[in-house]
Amino acid sequence: MTILAVAAGFAADLAFGDPRWLPHPVVAMGRATTWAEGRLRGAFPQTSAGTRAAGLVLAVALPLACGLLTWGILHFCGMVHSGLRFVAEAWASYQILAACELRRQSLAVARAFSKGGLVAAREAVGRIVGRDTSVLDEQGVARAAVETVAENASDGVIAPLFYLMIGGAPLGMAYKAVNTLDSMVGYKNERYIDFGCASARLDDAVNWIPSRLSALLMIAVCPIVGLDARGAARIWRRDRRRHASPNAAQTESACAGALGLRLAGPAVYFGKLVEKPTIGDASREIEWGDIARATRLMLAASVCALVVFGAARAAVVLAVGAMA
């Protein structure tokens, strides 16, 4: 039932995305994080060790609470009717996945440029990246959008599918909580260097396997979407560690090689220039059409992940049933 529920949730995400009027669990996670941060900081000593301990409590408590709450809801629905449980798990899976929204927001950058020029494109890409977009030229805006699609192919779609297939909606929701915590407190700045340490490290840990599987899936589907599989594999092998994060460059390097582009490099965050290594080779200049190519690669890899992870779960279930 879980495989079908996840597949239904995946289909719903592709069809509908995240309507703004619809309550979203990530919003609730964000509010819970903000609420808990103030109280935990006040409850622990105002030292580096105390702040780290407070952050550790949050890093453990929020994912655990989200997973248990989801399990409880599904268990209650199952007591009422198995069909209701299926609908609830499909709905949760739909809320956890973000393929449609990632595609929609990234393609909106190119549309904004065609309608309103560079200023509009900067504003559009600013909604999906954390860097300072006011200093970006046309190529910088397009590159930022492609990088976002490449990195979030794992965090937003393939990694959630991985955990959904392992532990259903409860584990998928716990993963989403880890990812949300990292995006809110996992910064290496003065405010969060200690408090967000546990959240950042936990996010690195839970994404270690999915990020690498995501890169391999991207390479595998390149021929399907008309991109360079050999280039993707070559750049992935060479550049997959060229990032401060142990995971971010996995899919960025595969995408860069598939498109024949150079990604990453120095960027401005909060008014400060951050030196970062480049990923890929500049075989050609980046263009607006590369955003659409990156989204096609992301979607193809996501569908492939659904099939592969679903088949793996089915095989495990059948094997366990045969041994019982």
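The letter at position 125 of the sequence shown is residue 124 when you use numbering that gives the first Met the number 0, and the numbering goes up by one with no holes. Even glycine gets a Cβ: it sits at the ideal position worked out from N, Cα and C. All values reported here derive from a predicted model rather than from experimental measurement.
Next item on the list: Compute the Euclidean distance between the alpha carbons of R30 and A176, then round it to the nearest angstrom.
Entry: 12 Å
Notebook entry, point to check: Cα-Cα, which of T46, S252 and G8 is closest to L147?
Noted result: First, the amino acid is wrong: residue 147 is Thr here, not Leu. Taking only the C-alpha atoms, the option nearest T147 is S252.
Next item on the list: Return the chain-ordered ranges of every alpha helix (DSSP H) run that is complete within the segment 199–249 and spans a minimum of 4 residues.
Entry: 228–238
Checklist line | Neighbourhood of P108 by C-beta distance below 7 Å, restricted to the same chain and skipping five residues each side | finding: What sits at residue 108 in the sequence shown is Val, not Pro. Same-chain partners within the cutoff: A120, A123, V124, V140, A144 and I290.
Next item on the list: Rank G41, R241 and G66 by C-alpha distance to the C-alpha of G54 and give the top, closest one.
Entry: G41
Item checked: Given L83 as reference, the closest of T1, D280 and R261 once Cα atoms are compared -> T1
Checklist line | H74: first and last residue of the uninterrupted alpha helix (DSSP H) it sits in | finding: S47 to V79
Margin query: For A293, list the residues DSSP reports as bridge partners.
Written below: According to DSSP, A293 bridges with nothing at all.
Checklist line | the segment 87–97 in contact with the segment 151–164 per 3-pair CB rule at 8 Å | finding: yes
Notebook entry, point to check: Which first and last residues belong to the alpha helix (DSSP H) in which M172 is found?
Noted result: A158 to V184
Notebook entry, point to check: Of the choices C65, L260 and T179, whose alpha-carbon is the least far from that of D202?
Noted result: T179
Check: Given that a residue counts as buried once 16 or more other Cβ atoms are within 10 Å of its Cβ, and exposed if not, what is V5?
Finding: buried
Item checked: Rounded C-alpha distance that separates S198 from A60 -> 11 Å
Next item on the list: Assign V273 to one of three DSSP states: helix, strand, or coil.
Entry: strand
Next item on the list: For the alpha helix (DSSP H) holding G116, just list the boundary residues, first then last.
Entry: A98 to V124
Check: Are the CB atoms of G230 and G256 nearer to each other than 8 Å?
Finding: yes
Next item on the list: Pull up the DSSP beta-bridge partners for L262, would you.
Entry: I278
Checklist line | Exposure label - T46; buried when at least 16 CB within 10 Å | finding: exposed
Checklist line | Residue nearest to F43 in terms of C-alpha spacing, selected from F194, V86 and S92 | finding: F194
Check: Over what stretch of residues does the alpha helix (DSSP H) that includes E137 continue unbroken?
Finding: E137 to N151
Check: Can you tell me whether DSSP reads G288 as helix, strand or coil?
Finding: helix
Checklist line | Delimiting residues of the alpha helix (DSSP H) encompassing V25 | finding: P24 to A42
Margin query: Taking the alpha carbon of R239 as the reference point, which residue from E137, A304 and A149 has its own alpha carbon closest?
Written below: A149
Next item on the list: May I have the straight-line CA-CA distance separating M78 from A314, to the nearest angstrom?
Entry: 27 Å
Notebook entry, point to check: Taking the C-alpha atoms as reference points, what is the distance between Q249 and H80?
Noted result: 42 Å
Notebook entry, point to check: For I234, does the count of other Cβ atoms within 10 angstroms reach 16, so buried, or fall short, so exposed?
Noted result: buried
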